[in-house]
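Start counting the sequence shown at 20; every next residue gets the next number (this note's numbering).
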Amino acid sequence: MRSSACIIFMDEFYFTMPTLFIMCGLPGSGKTTLAKQLEISENALRLCPDEWIAKILVDPANTAEMDRLRDEIESIQWEVGKRSLALGINVILENGFWSHDERSRFRAEAEAFGARVQIHYLKADINELWRRLSIRNANLPSGTFFVHRDDLESWMKLFEPPTEDELS
């Protein structure tokens, strides 16, 4: 009886290909808001560098230390993400993915694990981003950091929007 139950279970078992969800956009674009929705609807592991940095960083004004931590934490989170994909678990990365090269590298690595990749580009003009960030700056939720207008303007110049090919 026990072995037949096992056989029935095995007949009904199926494997679905995991998905890497790449949240692409500048601060204030809505990456975390969408990622939290996907975390539930797609039964995914959500990895947000800012949330981890906030737990470790002693002085939020120390941007050099924040940048150092960001590189380390994003690397650690990607190791966790790759292992999760290999185990068949959906993964959401909220790194922002500002460059084409970065998005391409993560896509290639995820596909090597047999995962699908979805890039979610959250786009807003600078005035809308600043409006949202001003509201957030006035009452910072945990896991977020104060953003200055000058920083946002300089980041906009560095950001490479994804192409139609990347999004398809």
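Idealized CB from N, CA, C, for every residue including glycine.
Alpha-carbon to alpha-carbon, residue j and residue i
{"i": "Thr150", "j": "Asn156", "result": "Going by the sequence as given, residue 150 is Arg instead of Thr. Cα-Cα distance, rounded: 10 Å."}
{"i": "Asn158", "j": "Ala127", "result": "38 Å"}
{"i": "Phe116", "j": "Lys50", "result": "11 Å"}
{"i": "Ser94", "j": "Lys101", "result": "11 Å"}
{"i": "Glu179", "j": "Cys43", "result": "10 Å"}
{"i": "Ala105", "j": "Leu64", "result": "13 Å"}
{"i": "Leu66", "j": "Leu186", "result": "21 Å"}
{"i": "Asp184", "j": "Glu147", "result": "26 Å"}
{"i": "Thr38", "j": "Leu53", "result": "15 Å"}
{"i": "Trp97", "j": "Ser153", "result": "30 Å"}
{"i": "Asp69", "j": "Glu58", "result": "16 Å"}
{"i": "Met20", "j": "Ala134", "result": "Bear in mind that the predicted position of Met20 carries a pLDDT of just 41, short of 50, making it unreliable; the figure below should be weighed with that in mind. Each residue's alpha carbon lies about 37 Å from the other."}
{"i": "Asn81", "j": "Thr35", "result": "43 Å"}
{"i": "Asp120", "j": "Lys55", "result": "25 Å"}
{"i": "Phe132", "j": "Val99", "result": "13 Å"}
Residues that DSSP places opposite residue i in a beta bridge
{"i": "Cys43", "result": "Gly115 and Tyr140"}
{"i": "Asn109", "result": "Ala63"}
{"i": "Thr38", "result": "Arg135"}
CA nearest to the CA of residue i, picked from the options
{"i": "Phe165", "options": "Asp184, Leu39 and Ala73", "result": "Ala73"}
{"i": "Glu113", "options": "Ala134, Arg89 and Asp120", "result": "Arg89"}
{"i": "Ser118", "options": "Asp86, Leu45 and Met36", "result": "Leu45"}
{"i": "Ala143", "options": "Val136, Ser161 and Leu171", "result": "Leu171"}
{"i": "Ile145", "options": "Pro160, Phe125, Ala131 and Ser173", "result": "Ser173"}
{"i": "Met85", "options": "Leu177, Thr163, Pro181 and Met175", "result": "Thr163"}
{"i": "His139", "options": "Glu130, Ile92, Ala131 and Ile111", "result": "Ile111"}
{"i": "Arg92", "options": "Ile108, Ser103, Ile75 and Ala83", "result": "Per the sequence shown, residue 92 should be read as Ile rather than Arg. Taking only the C-alpha atoms, the option nearest Ile92 is Ile75."}
Assumed close pair residue i, residue j - CB separation to whole angstroms, cut-off 8 Å
{"i": "Leu141", "j": "Ser60", "result": "The pair is not a contact, with the Cβ atoms about 16 Å apart (cut-off 8 Å)."}
{"i": "Arg122", "j": "Ile41", "result": "6 Å"}
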